[in-house]
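Undergrad:
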Amino acid sequence: MMNKLSFKIGFVFFAAIFLLEIILMVFLHSNIIHSRVHDELSALMTRGNNHREILEASFHEETIRHIALMESRTDTMVILADSYGTILMSSNTVTPSIKTLISMRPDDVPRQGMILEDDWKNQPFIASVSPVKMEGGQGYIYMFQETGKLKALISGMNRHFLIAGLLSLLFMIGVVAFLSRYLTLPLVKMNQATKKISTGDFSVTLPKLGQDEIGELGQSIEVLARDLELMKTERNEFLASISHELRTPLTYIKGYAEIAKRPGLDKAERDQYLTIIHEEAMKLAQLIKELFNLAKLDENTFTVDKTEVELNPFLEALFGKIAPVFREKEMDLSLDCPAGLTAHIDPIRFEQVILNLLDNARKYSNEGSSVSVKAENIGSGHVRILISDTGWGIPEEDLHRIFERFYRVDKSRTRALGGSGLGLAIAKQLVEAHGGTITVTSQPNHGTEFEIIV
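See below:
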């Protein structure tokens, strides 16, 4: 429980808000109490000053009795004393503690009066003193107020603060619990989704998690699940294709090897079977070589060492290598490349691409057909190379899959011609490794054209 993210987030939120609330409550409580006590002391001193004003205006015995009678009906007490501390008038009984406070009066009491006692927590009274001019000299008006009422008021205020604090605490716990749950619920769902992915189940769907970083993370997990599912499907198909492609030549090799071992075969028959075994072994070796190249492309362990290459002599040299096999089928091979045209390519890797496309054009064209290669500058430092043939063409429904591994338009005819179904996949990855693109357009019985831009 304590290791859960929701608990950790909730605890951090709770601790931070609770600490802030405690600080605010203490500050507010202290200020309210201080303000209330200050108001009581100010009111007490003001009351004493008012009595002074009345006495100084009319210092008569009747006025004194009137003030004493008025204060006897309130929760305050008034005492009139001379400068020697002799009590001349009192609205209530004077206790020893009151006499003690009177005796503690300083000699220099200011005209506006002063507070004699403000310790409301520990003393039974708060008190003020105001000087008054009277017949025969200086006198003093003392005002006393019992602290019980103030203590009761502050005690009630404390209870209200406590109740408010408990209610706000409960509310805060609810809010924090909701927020921590709200914030961590998407993470919990994403955690469940990643656990599901780790078991090999990629059928992951997450609810809409918003437009923030958490929402983006959820979308990334869904994309990852789809990519992994696609990768798994492609891997299974790839392994099945490899198994099938390897089994076919191995079956031929094994079958004809057993036949060739039979006694009584004449030399011509044995040579025929051995020739078939050799051809299938060569197909198998070519397939393994292409698989190895494809693996290096997938793992990015190969390097593309690009340099500035003049295309005309590069393509003419390449034509010299492949021209004999085109002459065997009486096919016309033409080149249209302006002198001085250069491209930033890896000559070894790019030769593999062009040879692959030309070999496909030869294989899937009739005798007497033509194949052309055209190179041109299209600006912005890019070169376009078009490889066109007048061969069998590719049906429209197969065009979008032509660069997939082991994909063949006509499997029986392709196998008879020695194709592995990997050449175009390798060519596409090599072109893309150059930072270029390769596309194809075709019409059945009219020919095919590959466009390379690098």
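Each position in the sequence shown, counted from 1, maps to that position plus 273 in this note's numbering.
All C-beta atoms, glycine included, are put in the ideal place defined by N, C-alpha and C.
Verify whether the separation of the beta carbon atoms of Leu584 and Ala648 is less than 8 Å.
TA: By 1-based counting over the sequence shown, the position of residue 584 is 311. By 1-based counting over the sequence shown, the position of residue 648 is 375. In contact: Leu584 and Ala648 (Cβ atoms closer than 8 Å).
Undergrad: So which of Leu564, Leu501 and Gly720 has the shortest CA-CA distance to Ala698?
TA: Against the sequence shown, residue 698 aligns to sequence position 425. When each option's Cα is compared against that of Ala698, the closest is Leu564.
Undergrad: Where does the unbroken alpha helix (DSSP H) through Gly593 begin, and where does it stop?
TA: Position 320 of the sequence shown, counted from the first residue, corresponds to residue 593. Looking at the DSSP string, the run of the alpha helix (DSSP H) that includes Gly593 is Leu584 to Glu601.
Undergrad: Is Lys372 helix, strand or coil by DSSP?
TA: The residue given as residue 372 occupies position 99 in the sequence shown. Helix at Lys372.
Undergrad: To the nearest angstrom, how far is the alpha carbon of Ala289 from that of Gly491?
TA: Position 16 of the sequence shown, counted from the start, is the residue given in the question as residue 289. Position 218 of the sequence shown, counted from the start, is the residue given in the question as residue 491. Ala289 and Gly491 have their C-alpha atoms roughly 29 Å apart.
Undergrad: Measuring straight from C-alpha to C-alpha, what distance separates Val448 and Phe291?
TA: In the sequence shown, the residue the question calls residue 448 occupies position 175. In the sequence shown, the residue the question calls residue 291 occupies position 18. Answer to the nearest angstrom: the Cα atoms are 12 Å apart.
Undergrad: For Met416, which three-state DSSP category applies?
TA: Along the sequence shown, read from residue 1 onward, the residue named residue 416 stands at position 143. Of the three classes helix, strand and coil, the one that applies to Met416 here is strand, per DSSP.
Undergrad: Could you give the distance in angstroms between the alpha-carbon of Thr712 and the alpha-carbon of Phe623?
TA: For the purposes of this step, residue 712 is identified with residue 439 of the sequence shown, where counting begins at 1. For the purposes of this step, residue 623 is identified with residue 350 of the sequence shown, where counting begins at 1. If you take the alpha carbons of Thr712 and Phe623, they lie about 16 Å apart.
Undergrad: In this structure, does DSSP put Glu405 in helix, strand or coil?
TA: Reading the sequence shown from its first residue, position 132 is the one you call residue 405. In the sequence under discussion, the amino acid at residue 405 is Val, which differs from the Glu named in the question. Val405 falls in the strand class under three-state DSSP.
Undergrad: From the DSSP output, in three-state form, read off Glu722 for me.
TA: Locating residue 722 in the sequence shown gives position 449, counting from the first residue. Correct three-state label for Glu722: strand.
Undergrad: Since Ile726 and His655 are thought to touch, with beta carbons under 8 Å apart, how far apart are those beta carbons, to the nearest angstrom?
TA: Locating residue 726 in the sequence shown gives position 453, counting from the first residue. Locating residue 655 in the sequence shown gives position 382, counting from the first residue. Between His655 and Ile726 the Cβ distance is about 6 Å, and since that is below 8 Å, they are a contact.
Undergrad: Go through its chain and collect everything with a Cβ distance to Gly473's Cβ below 6 Å, but skip five positions before and after it.
TA: Within the sequence shown, the letter at position 200 stands for residue 473. Counting only Cβ-Cβ distances below 6 Å, and skipping sequence neighbours, we find nothing.
Undergrad: Rank Asp578, Gly358, Asn639 and Phe300 by C-alpha distance to the C-alpha of Arg378 and give the top, closest one.
TA: The sequence position of residue 378 within the sequence shown is 105, counting from 1. A check of alpha carbon separations from Arg378 across Asp578, Gly358, Asn639 and Phe300 identifies Gly358 as the nearest.
Undergrad: In terms of residues, what are the limits of the beta strand (DSSP E) holding Ala612?
TA: The residue labelled residue 612 in the question sits at position 339 within the sequence shown. Where Ala612 is concerned, there is no enclosing beta strand (DSSP E), because DSSP gives it neither an H nor an E.
Undergrad: Looking only at its own chain, which residues have a Cβ that is under 6 Å from the Cβ of Asn718, when we skip the five neighbours before and after it?
TA: Locating residue 718 in the sequence shown gives position 445, counting from the first residue. Cβ neighbours of Asn718 beyond the five flanking positions: Gly666.
Undergrad: Under the criterion of a Cβ to heavy atom distance below 7 Å, does Gly386 qualify as lining the ligand ATP?
TA: Among the ligands in the structure shown, none appear at all, so the ligand ATP cannot be discussed.
Undergrad: Measure from the alpha carbon of Thr349 to the alpha carbon of each residue in Ile621, Ile371, Asp662 and Lys394, then state which is nearest.
TA: Working through the sequence shown from its first residue, we reach residue 349 at position 76. It is Ile371.
Undergrad: What does DSSP give as the partner residues of Met504 in its beta bridges?
TA: For this step, residue 504 is matched to residue 231 along the sequence shown. In the DSSP output, where bridge partners are listed per residue, Met504 has none listed.
Undergrad: Distance check for Gly696 and Leu703, CA to CA, integer angstroms please.
TA: Position 430 of the sequence shown, counted from the start, is the residue given in the question as residue 703. Position 423 of the sequence shown, counted from the start, is the residue given in the question as residue 696. Spanning the two alpha carbons is a distance of roughly 11 Å.
Undergrad: Along the chain, where does the alpha helix (DSSP H) that runs through Gly696 open and close?
TA: Start at 1 with the first residue of the sequence shown, and residue 696 comes out as number 423. Taken as a continuous stretch (DSSP letters only), the alpha helix (DSSP H) holding Gly696 covers Gly696 to Ala706.
Undergrad: Just grab the DSSP bridge partners of Ser303 for me.
TA: For this step, residue 303 is matched to residue 30 along the sequence shown. Answer is none; Ser303 lacks a bridge partner.
Undergrad: List the endpoints of the continuous beta strand (DSSP E) containing Val656.
TA: As a working mapping, residue 656 is identified with position 383 in the sequence shown. Run containing Val656: His655 to Asp662, per the beta strand (DSSP E) assignment.
Undergrad: If distances are taken between C-alpha atoms only, which option among Phe587, Leu426 and Val577 comes closest to Glu313?
TA: Translated into the one-based positions of the sequence shown, residue 313 becomes position 40. Here the closest residue by C-alpha is Leu426.
Undergrad: With H, G and I counted as helix, E and B as strand and the rest as coil, what does DSSP make of Leu317?
TA: Within the sequence shown, the letter at position 44 stands for residue 317. In this structure, Leu317 counts as helix in the three-state DSSP scheme.
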